[in-house]
Ligand SMILES: Nc1nc2c(ncn2[C@@H]2O[C@H](COP(=O)(O)OP(=O)(O)OP(=O)(O)O)[C@@H](O)[C@H]2O)c(=O)[nH]1
Ligand SMILES: [Mg+2]
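Chains as they are written, first to last, in this note's numbering: chain A, 1 to 133; chain B, 1 to 326.
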């Protein structure tokens, strides 16, 4: 009986020390039937990409934090492409300054979810964009 | 180049994709197993099991570091439960190991149990084969936080580490009945906590009474650790190496490998037979017999016999037809 599940990596890059939002999203996606790998706090771009590669995920969700995203996210995407993970779906969660969205889109980030995003919205977006599962 | 060739040439992405293939199952997975199987059988497979929260992941992380310092490459498969309600899973073991993520000599894969009981996933055995063929010297498998029936790991590993910790309530309960018997090495983790010595003493008493131990000539060592601080993990790594040496010297490695092969063959045969049988049974027949059993017209054993009889008849017919053609 072949079965296939959407696999998602949730990572919290950077140095700040709280991850409630990331954990909430992880639970939402589990409850939507996905397999969610949570990597914990203080992740470097190298750690995130290495984990995504070993876990063969379809989606990488990055939790945003004050300011650092404009330097960290490009590094994650660049490294990921280098390692052949170009076809992964990238999402960002958190408070995203409007001014930054175009640049992030340009880098290859597809989904943006602010603090008010509903469970249905996030899970629905992923299911729509990922073929398997 | 195919996935298996890429795996054999050391491509990490191929290793990851092959594990996914194994999880998805079906004919592509079987083909991949057939291709990589000749390259397996070299890794030392080490199971790590024990009650939830005893520190299995933390210990696996420390052991992986220790083995790396001994110039060994390490593969890790960490299994967490699938939610029976959503079919999804939160795979959290990796959090404790993530610092090793970027070491090329380490490969960590999280796996959801996908409804399988017994502490492992259906595809865990095949994931182990992937990492074995990938050339990892040691493959560690962390089971789902185990109760007493989660002893599948004994059928998959050469060496089983059972992790206990103080503060899990009743000391005897702490090591669940089934777990005691499969341990080759006992670790009492969280030795920084009150009650660790009592946990150790209880285990020692049980061993003295002759319980446990899968093999003659091997008394499972008891090792105290503070995994969170890395204390004692070198001693556990020593015990793991000593156990392998013992298996080799006593000839039991061969016996255990034969037993693992037999168990796996038996399991696959059972699965295959059942799925082919279910494919072969016509729906009307299935419904008819189910109804008969429900209405007490037929007992379930006789109904099963009927199904088996018509299955073997049908498959014999297939063989005859093949005979004609050739
Ligand atoms: N005090 C103390 N805490 C520890 C020690 N080792 C691990 N812990 C803590 O115990 C908790 C559980 O550790 P894990 O390594 O996740 O335990 P686990 O057995 O893998 O847990 P599950 O996979 O959920 O069953 C964590 O908060 C660890 O930090 C130790 O030696 N001493
Ligand atoms: Mg764990």
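Positions of the beta carbon are idealized from the N, C-alpha and C atoms, including for glycine.
Taking just the CA atoms, how far does residue j sit from residue i?
i	j	result
residue 202/B	residue 50/A	42 Å
residue 57/A	residue 24/A	19 Å
residue 289/B	residue 84/B	30 Å
residue 209/B	residue 161/B	20 Å
residue 118/A	residue 125/A	11 Å
residue 278/B	residue 53/A	38 Å
residue 2/A	residue 28/A	Legend: pLDDT at residue 2/A = 49, less than 50; position of this residue unreliable, value from coordinates given subsequently. Cα to Cα, residue 2/A sits roughly 25 Å from residue 28/A.
residue 97/B	residue 91/B	12 Å
residue 285/B	residue 298/B	13 Å
residue 34/B	residue 7/B	14 Å
residue 133/A	residue 89/B	Low per-residue confidence applies at residue 133/A: pLDDT is 45, beneath 50, and the placement is therefore not dependable enough to give any value.
residue 110/A	residue 220/B	53 Å
residue 326/B	residue 32/B	Confidence at residue 326/B is low in this model, with a pLDDT of 42, below 50, so its placement is unreliable and the value that follows should be read with caution. So the two alpha carbons sit approximately 30 Å from each other.
residue 263/B	residue 52/B	27 Å
residue 28/B	residue 229/B	43 Å
residue 235/B	residue 135/B	25 Å
residue 46/B	residue 82/B	23 Å
residue 217/B	residue 307/B	47 Å
residue 118/B	residue 50/B	12 Å
residue 178/B	residue 64/A	45 Å
residue 17/B	residue 3/B	8 Å
residue 89/A	residue 18/A	24 Å
Counting only C-beta atoms, is residue i closer than 8 Å to chain B at any point?
i	result
residue 36/A	yes
residue 98/A	no
residue 20/A	no
residue 1/A	A caution first: residue 1/A carries a pLDDT of 46, below 50, which makes its placement in the model unreliable, though a value can still be read off. Yes - at least one Cβ of chain B is within 8 Å of the one on residue 1/A.
residue 83/A	yes
residue 30/A	yes
residue 75/A	no
residue 53/A	yes
Quick one: does residue i have its CB under 8 Å from some CB of chain A?
i	result
residue 95/B	yes
residue 5/B	no
residue 98/B	yes
residue 134/B	no
residue 17/B	yes
residue 89/B	yes
residue 107/B	yes
residue 126/B	no
residue 9/B	no
residue 83/B	yes
Between residue i and residue j, how many whole angstroms is the CB-CB distance? I'm expecting something under 8 Å.
i	j	result
residue 190/B	residue 55/B	6 Å
residue 48/B	residue 141/B	7 Å
residue 120/B	residue 152/B	5 Å
residue 327/B	residue 166/B	Residue 327/B is absent from the model: chain B starts at 1 and stops at 326.
residue 75/A	residue 45/A	4 Å
residue 39/B	residue 133/B	4 Å
Secondary structure, beta strand (DSSP E): runs of 3+ residues fully inside the stretch 59 to 105 of chain A: 59 to 63, 89 to 93, all fully within the stretch 59 to 105 of chain A.
Meets three-Cβ-pair contact criterion under 8 Å: the stretch 102 to 118 of chain B and the stretch 103 to 115 of chain A: no
At least three beta-carbon pairs within less than 8 Å, the stretch 108 to 121 of chain B to the stretch 70 to 77 of chain B: yes
Minimum length 3: unbroken beta strand (DSSP E) runs contained in the stretch 192 to 246 of chain B: 222 to 224
Inside the stretch 78 to 132 of chain B only - beta strand (DSSP E) runs reaching at least 3 residues: 89 to 91, 106 to 112
Stretch-stretch touch, CB-based, cutoff 8 Å, three pairs: the stretch 4 to 15 of chain A with the stretch 30 to 48 of chain A: yes
Those runs of the alpha helix (DSSP H) which lie wholly inside the stretch 234 to 303 of chain B and span at least 4 residues: 252 to 280, 283 to 294
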